[in-house]
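Plus 3 on top of the position in the sequence shown (first one is 1) and you've got this note's numbering.
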Amino acid sequence: KPFRDVNATRWSAAMIEWAKFNGIMQGYSDGTFRPTQTVTRAELMAVLRKAIQYALEGGGISGMRNLQQPIAFSDISNHWVGKTITEMSVYCGVATPLNETGNAFSPNLGTRRNYAAAATLRLLNCLLGV
């Protein structure tokens, strides 16, 4: 049981436990994971950044490719994961403005599936040099 609110019989329990063990996912300070809660755009960037670290340290990936200039987001300067969001904009534009326009990242907004898929694909392409 990786977190007190993730039962061992939950369909995703083994994957959550693997992600926790490998430092990709972490729970909240109260010891919960909140498996049915919406993931924010900021939390997604934190998880993807940890996935990069995992790939670079133990996954046989030699480094990031296709680095670009950071995006100057207008709404992340005091955010708990602001630095990570900026870093993720450098990595092949994994972090992009809301709806791919303007300069607002909207870190506390729930992540839509299409953005999660696009960000994950950009991350994989960057890691693999595609």
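All residues carry an ideal CB built from backbone N, CA and C; glycine is no exception. Bear in mind the structure is a predicted one, so any value in this text is a computation, not a measurement.
So what's Thr-43 in DSSP terms, helix, strand or just coil? Three-state result, Thr-43: strand.
Could you say which of Trp-21, Lys-53, Ala-16 and Ala-107 lies nearest to Leu-130 if we only look at CA atoms? Lys-53
Helix, strand or coil: how does DSSP classify Tyr-118 here? helix
Sheet register partners of Tyr-57 (DSSP bridge): In the DSSP secondary-structure assignment, Tyr-57 is not bridged to any residue.
Pick from Trp-83, Leu-70 and Thr-89 that is closest to Phe-76, judged by C-alpha positions: Thr-89
So Met-18 is in the alpha helix (DSSP H); what residue range does that whole segment cover? 16 to 24
Identify whether Leu-70 lies in helix, strand or coil by the three-state DSSP scheme. In this structure, Leu-70 counts as strand in the three-state DSSP scheme.
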